[in-house]
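A short worksheet on the structure shown next.
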Amino acid sequence: MDLAEFLFWTVGALTCLSAVMVAAAQSIVRAAVWLLFTLAGVSGLYFLLGADFLGAVQLIVYVGGILILVIFGVMLTAQGPLTSIKTPAGEWAISLVVGFLMLGLLVACILATSFDTFKPTTIIDDPARARTATDLGLVLVGVKDSQVQGPADLNQVPGRQREGITYVFPFEILSVHLVVVLIGAAYLARAKRRRKEQA
Amino acid sequence: MVDALIGFLTHPVVVAVLAAAILMGLMLVQAIIFVWLERKVAGRIQDRLGPTRVGGKFGWLQTLADGIKLLCKEDFIPAAADQFLFRLAAYLVLIGAFLPFLAMPFGLGVVALDMNIAVFYILAVLSTEVFGVILAGYGSGSKWALFGGMREAAQMVSYEVPRAICVVIAVVATGTMSLSLMMQQQEGFFWNWLLFRDPFCFLTFWVFLVCITASCKRAPFDLAEAESELVAGFHTEFSGFRWLLLFMGEYGSMFITSALAVAMFLGGWHTGLLPHDPTYYLGGFLGNVVNVLVFLVKSWLLVFVMMWVRWTLPRLRIDQVMMTCLKYLIPISAFLLLGACLYPLLWNTFAPGTLQLRSPPGVPGAPPPPSGGLPLTQAEPGSAVLADRR
Amino acid sequence: MNIGLTHYLILGAVLFVTGLVCMASKRNAIGVLMGVELVLNAANINFLAFARYNQTFAIEGMVFTLFVIVMAAAEAAIALAIVLNFYNNHVSVDVDAAEELRG
Amino acid sequence: MSNPGFLYVIATLLPLASFLLLFAGGKRWPGRVGGLIAVGGIGGAFVCSLIGFLLFLGAMPKHGHHDDHAKGAAVQATTPAAGSGTQPTATKPAEPGKEEAAATKPAEAAHGHGHAHAHADDHDHDSFAWKGSLSWVALTGFGSDDGGLDIRLGYYIDSLGAIMFLMVTFIASLIHIFALGYMSEELQPTVEDHQAHVTRKGRFPRFFMWFSLFCFSMLNLVLADNLFQVFVSWELVGVCSFGLIGFYYERQSATNAANKAFITNRVGDAGFIIGLLILWTQCGTLTFHTTTETVTTRSGRQVEKVKQLGIFDALRAPEHDTHKDPIKEHGQFVRVRHITEDDDHLLQMNPAGDHVVIWDKATLNGHFHGPDEKGRFEAYLSDRDGGHGHGMKTMPYWMLVLAGVGIFLGCVGKSAQFPLQVWLPDAMEGPTPVSALVHSATMVAAGVYLVGRVYPLFAPEVLLTIAYVGAITAFIAATIAIVQTDIKKVLAYSTVSQLGFMMLGLGVGGWVYGLFHLLTHAFFKALLFLGSGSVIHGCHHEQEMTKMGGLHAKMRTTSLTMLVGVLAICGTPLFSGWYSKDGIIVAALSFASLNPEHMALFLLPLIGAGITAFYMFRLWFVTFTPRDEHVYEHAHESPRVMTVPLIILAVCSVVVAWGPRPWDVQGSALEHFVHHSQPESLKVDTGINLNTAVLQAEPDSARAENVIANTFARDSWLHPLTVKLGWGPHDLAGLLALVVAGLGVLLSFAVYYWRVFDPQETRERFPWAYDLFQNKWHFDALYSALLVRPTLVVGYWCKAFDQKVIDGLIHGLAHLTVLVSRFDGKVDNGLVDGLVNLTGRVVFGVGDWLKGAQTGLIRNYVLFMAVAAVGIFAVVSYVLAMAG
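Protein chains in written order, with my numbering: chain A, 5 to 203; chain B, -6 to 383; chain C, 181 to 283; chain D, 2 to 885.
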């Protein structure tokens, strides 16, 4: 068992456990904590998958951003009984049954599928040449694939030699979308003045 | 025998464990030194007695005594506290402060994990520290702690934004997110430092300094632990070893953010007085010793500056703190980012060749100077890498 | 035993189902939101796993993941704003209180 | 003022301004203010016209027939005409000129006119005029080679325009002033109309409003420099006459008369429009005279270029080098025919050719170099060279004739010529000042003026038509006038008759005399009408002459001034009518002498002149001399405001046509002035130059003696008269006219003063003639039978068809629709609504049952989705497994 394998099993198991705990936790704050571990674990998995940049993004956005936001939401709405609202056991049971059905279905599909035709991206295994963040950035700012002077085997793949595949437009839309969401969220969450109180 | 030993030592797991141990040691020892230093600085600046008078030479024993006292204190958890969260909080803070050390190069190749996104990674990991603070505040079951935690969280999250923008400015200026490369680019005399590269970077450094001070909840931004109002903020209920962990986390993050500032703006391990890296003159090992020392000294100097500020300036109100960030620092840093982007572009467009990224001449695989316009070509990763990932 | 694509996919499936169950069983609105985050993370793991184990998907997988993360952030912001609004109106975060649309 | 033409524009606009003022606020102003505004407008116009006239006199080219030259010259030149003894000296030198004329004669033989005399009379007589225009309507892409129709508003003031302006404004001013008095009844708040038996409000301002518009229209017509502007004014004149004739619109007779005038005029205007359309489509322009501009060519020379093509220049040959050119005459219609045998676009000049050449801008600008020696040139074929070739454009000759007849038809309607003369006597229904204005200066003058203005457009055939129409009108109207007893109707028929004289004069080539008579006639006819108005006013709106008599004692001023008018219209020597009427008779005689087959053109007006003298004196005697049976007792003289214009007009009627030597019938200054505007084509077309102008201009030259103005043409059957007695046309015609008029006067004296004959007896002796005249030659009956009744019958048929068939059909359809709707309503309510309701109920039930699934709980929805995913997957995989 080498380091990567060890880390996968460890991190994967912790992640799954944390995720289950998220679903199982009665207190919403604890659920948030377990979610923190889950997200951190997922981030670790990203690192294991060679996506350093996305791992960092996962941390900074999810842990440093979303989760904080969630906690704020909890704090702003936490009133004694509300932190833990019980769900009827029957519904729990139904959810679990459906969940397991779903899981069985998915696992069956995964196991039934053969991924032999895929060729792994070997470049990621070589840290000296791993420049995934660079390629990602260049693709996002609109440099075409053919101009990306990335690692050789990224460009040698036949499917990757398509001209003009860039993500600058989705990237821009995403930026605008973020701004809109920011304004929209602020609008939605603003303290509303009630006329009755004024009167 | 020797081969076996070398083979064992270079086994990745062993290397990882060793690196972690060394860095953890560094952090812990530093914390002790910082506590002592804090006392000395406070005493000198504010004319306080105590640390300067007692505890051996320069009062260093006092710190030791403090440590022993804290270790021996009762591990007290309030009845109203959420035990699980209360315990977790301190560890989270410490972990958040420690993880950045892994990606921080102390010398040419002296780094646990030479990531090509090191800067970003450090920012990301630092941001998890907030969570510990919040949990500490919430888990204590005390309204002082809760208030403190919320304030602290708001403040840290807010200051993350200008801090990140400042980092982005440095990234834009150097063209890489790898700290090793950044520092290699600043080789040579001190005018090669990013601080003096252009006016925008110069201003960025000071903004960054304010931001790291605030995000380390240091005075004058220490509203989270405002003693007069909130008793001690989020760590009101903490004592003994848990309190010690919290403080080690704080000093750790002080150091690591200072080191980040040094690495990005102040030339990293370069003295700024020699045309080349010390390894160029002294060979790999000795040169790196010099490098590490220079880097540590620079970082400690910045930490000293932060203490100096703490004992010099009065505390702000919480609204003033937030206003400083949201109304001033964010616009300023955004403007600086714009300027830092346009500055080389304009120079290279209207007077090609007058402004070039400096490349360290001695380092193999140094980035070639850009030919003008947008720096599309990218630097190759550094040559020497200690940690090996599979 | 080498870690392969299948392992990551199963891991993703587990996360996905957990998120689903979380969504279905939590009555706290924020809990539901957490379930959603889990599901999104599961999807991201799949994307990155494919990016890692399929050359032709190397860049795309990462780009999609990035987009999903950003969208998730936006979604969380909006969702929390809605929750706050909901709380303002119902003095509760129990999603079962939001049954005005019941048939 | 750089261009005094603007004076005339102002003069035109002043009445328009007063019209607008009255239109806007006429009712609000008390008393005579409205009338005074109108008087001010027309008076201002008169002042402007007077100044303009004087400026025009000063600006006229001196080498023409200026008075300074004329004074000295007239003595010499008119000697042969006045004194009969010296005739042979004038005859002999004329021979060489006639030789020349004979040589060129055959070319023009087809026209029936000689043109040789005009050829001799080639004094450079470039008619002087003030011009100016601005674009009004510009339509591009309408066919013409200039790129479209450009209708302009402009003024063209030559000597004719200037004198017409002066005459119209002067007479109109006097009539306005007269009307101030005449219409004073309308000043009362309520007026009782005895004829219509109603009481109504006074309409004093309204009357003057129409008057102002009338004057504006007439002035604008005179001012116009293109046919379209003329047409616009033409219609405005018609509208105004309609409004004024029907001024007492409570009276059935007045409205009928207004309608009659209007509709009759429409008939004429239809012809006018056809003429306009033909001219525009063929020539592409409606402007009278060509405008040129100076252009600097590439070689730096200053060249005159045609800017705006005039319609006359489009039809008449341009100036050219006569030595080289087969086109002999400047100003002739160039008739051609197509040479079809060798090349279908070659034209050859031919006096009997069926086409007329149209000279367009390009050819006038020198792109065309004329026909070759055989008279051939290339035809203009627009589809071959894109309309920019150097060939010629042509139009069919019959179309030119049609255009001329059409325009003349308009003039026939407007000037009340045979056969459209019926409206003018009826128009007496309007107030008397209206009659005066209509009969002297405005409406009827418009027709004659237009014929004079567009004279170069008329082909010889058209001229002949004009002449005949004029002669017939003159005669018929005169005969009708004999038996009329209404004082105004007598005058009306005399007007018709005089207009016939003018038309005749124009038609036979006496262009100058036709218009000259128009001018003089305006004065004495205005005088006569105003006098009759005065009489009517004095007799409390009694118009029947039979009820009058002996008014001379009571209305001395009116009586005497009217006597002046009567003398003038009879052609008494030294009165203005003498000069002009003599000219017309001379022209007719000359024409007849050259064309004996058209002798009627001389005899009819001659007899008409005699009848005129008879009935005019009859009018005066019956009205003013005492009679036995009835004397009008309550008559009184009119107020000053009415008599003063009468006196002024009376003076004018005498002196207006005088020249430096009033006893010389050819020496009228007015005539000479009009002569300046005589179209040059006249010389080519008729060859009759009856004017002495050349003699006056160049009294000493040999050429002047060649002019046979006062001799009969050599091939005339009256030529021996010249040879033997030395009598020219003037001598013979003048003598005849005087004799005939004298006979008429004598007869009148005999019947109505000395009572030698009893008119009643005569009436009974010639009942058929009396019937014929009394019923106006049965024209009204004819029109009624031919046009009005059939129209009415058709109208009744249409009405019946509309009421019975169309309405019945529509009503039937409506009933059917109602029935169908009732049935449809039942189907709709029962079947369709039932189906719809059933569907609704079913959907409602299903929805009600399904709504249970919508719990409103997000958690449940998530579960549903998961279950659905599992279920769909299971089904799909099962199906796939089954499939293979």
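Idealized CB from N, CA, C, for every residue including glycine.
With distance defined between alpha-carbon atoms, name the residue in the options nearest to residue i.
{"i": "A252 (chain C)", "options": "A:M79, A:I114, A:T81, A:V67", "result": "A:V67"}
{"i": "H339 (chain D)", "options": "D:G796, D:A770, D:M396, D:S174", "result": "D:M396"}
{"i": "E462 (chain D)", "options": "D:A404, D:F530, D:V623, D:G239", "result": "D:A404"}
{"i": "R29 (chain D)", "options": "D:G269, D:V304, D:L733, D:G203", "result": "D:G203"}
{"i": "M168 (chain D)", "options": "D:L604, D:K526, D:W798", "result": "D:K526"}
{"i": "L220 (chain D)", "options": "D:S136, D:F313, D:T256, D:S174", "result": "D:S174"}
{"i": "L174 (chain B)", "options": "B:R144, B:W262, B:S251", "result": "B:W262"}
{"i": "P71 (chain B)", "options": "B:S251, B:M176, B:G132", "result": "B:G132"}
{"i": "M143 (chain B)", "options": "B:K210, B:A333, B:A256, B:K320", "result": "B:K210"}
{"i": "T197 (chain B)", "options": "B:A166, B:A212, B:V224, B:L216", "result": "B:A166"}
Give me the chain C residues within the contact set of residue i, using Cβ-Cβ distance strictly less than 8 Å, ordered along the chain.
{"i": "V833 (chain D)", "result": "Those do not exist, as V833 (chain D) stays about 30 Å from chain C at its closest Cβ, beyond 8 Å."}
Can you tell me which residues form a DSSP beta bridge with residue i?
{"i": "P397 (chain D)", "result": "D:H356"}
{"i": "I152 (chain D)", "result": "D:V138"}
{"i": "F378 (chain D)", "result": "D:L348"}
{"i": "G100 (chain B)", "result": "B:V103"}
{"i": "K306 (chain D)", "result": "D:E294"}
{"i": "W131 (chain D)", "result": "D:I158"}
{"i": "H339 (chain D)", "result": "D:L348"}
{"i": "E280 (chain C)", "result": "DSSP output for E280 (chain C) lists no bridge partner at all."}
Name the chain C residues that come within less than 9 Å of residue i, Cβ to Cβ?
{"i": "I32 (chain A)", "result": "K206, N208, I210, G211, M214, V273"}
Strictly below 7 Å CB to CB, what residues from chain D border residue i?
{"i": "L109 (chain A)", "result": "V871, F874"}
{"i": "L2 (chain A)", "result": "Outside the displayed range of chain A (5 to 203) lies residue 2 (chain A), so it cannot be described from this structure."}
Starting from the beta carbon of residue i, find every residue of chain A whose beta carbon is closer than 7 Å, and list them in chain order.
{"i": "P5 (chain B)", "result": "L7"}
{"i": "A867 (chain D)", "result": "V102, M106"}
Could you work out which residues of chain D lie near residue i, taking near to mean beta carbons separated by less than 8 Å?
{"i": "S47 (chain A)", "result": "Near S47 (chain A) there are no residues of chain D at all, since even the closest Cβ is about 26 Å away, more than 8 Å."}
{"i": "E279 (chain C)", "result": "T856, G857, L858"}
Between residue i and the ligand MG, is the CB less than 7 Å from at least one heavy atom?
{"i": "L737 (chain D)", "result": "Questions concerning the ligand MG fall outside what the structure shown contains, since it holds no ligand whatsoever."}
Starting from the beta carbon of residue i, find every residue of chain C whose beta carbon is closer than 7 Å, and list them in chain order.
{"i": "V143 (chain A)", "result": "I239, V243"}
Identify the contact partners of residue i in chain A, using a Cβ-Cβ distance below 9 Å as the criterion.
{"i": "L864 (chain D)", "result": "E95, I98, S99, V102"}
Problem set entry | Contiguous alpha helix (DSSP H) assignments of at least 4 residues, all confined to the region 181 to 240 of chain C | 185 to 205, 209 to 233
Problem set entry | Three-pair Cβ contact test at 8 Å for the region 233 to 253 of chain B versus the region 8 to 26 of chain B | yes
Exercise. Given 8 Å as the limit, is there contact between the region 145 to 156 of chain B and the region 204 to 219 of chain B, that is, 3 or more CB pairs closer than that?
Worked result: yes
Exercise. Counting pairs of Cβ atoms below 8 Å between the region 526 to 545 of chain D and the region 170 to 186 of chain D, do you hit three or more?
Worked result: yes
Problem set entry | Inter-stretch contact (C-beta, 8 Å, three-pair minimum) for the region 300 to 312 of chain D and the region 430 to 450 of chain D | no
Exercise. With a cut-off of 8 Å, do at least 3 Cβ pairs link the region 614 to 623 of chain D to the region 504 to 515 of chain D?
Worked result: no
Exercise. What are the uninterrupted segments assigned as alpha helix (DSSP H) that are 4 or more residues long and contained completely in the region 757 to 804 of chain D, given in chain order?
Worked result: Listed in chain order, they are 760 to 766, 768 to 775, 780 to 784, 790 to 802.
Problem set entry | Any alpha helix (DSSP H) of 4 or more consecutive residues that is wholly inside the region 31 to 73 of chain A | 32 to 52, 56 to 61
Problem set entry | Residue ranges of each alpha helix (DSSP H) within the region 274 to 334 of chain B, 4 or longer | List check, alpha helix (DSSP H) in window: 277 to 305, 311 to 316.
Exercise. Hey, is the region 14 to 21 of chain A in contact with the region 182 to 194 of chain C, meaning 3+ C-beta pairs nearer than 8 Å?
Worked result: yes
Problem set entry | Sufficient close CB pairs (3 or more, under 8 Å) joining the region 178 to 186 of chain B to the region 264 to 276 of chain B | The region 178 to 186 of chain B vs the region 264 to 276 of chain B: in contact.
For this session: Check whether the region 228 to 238 of chain D touches the region 190 to 208 of chain D, counting contact only when three or more Cβ pairs, one atom from each stretch, lie closer than 8 Å.
Result: no
Problem set entry | Complete runs of the alpha helix (DSSP H) confined to the region 474 to 527 of chain D [at least 4 residues] | Counting whole runs of 4 or more residues, the region 474 to 527 of chain D contains the alpha helix (DSSP H) stretches 488 to 508.
Exercise. Is it true that the region 251 to 260 of chain D meets the region 398 to 414 of chain D, where meeting means three or more beta-carbon pairs spaced less than 8 Å apart?
Worked result: No: the two stretches stay apart, fewer than three of their Cβ pairs being nearer than 8 Å.
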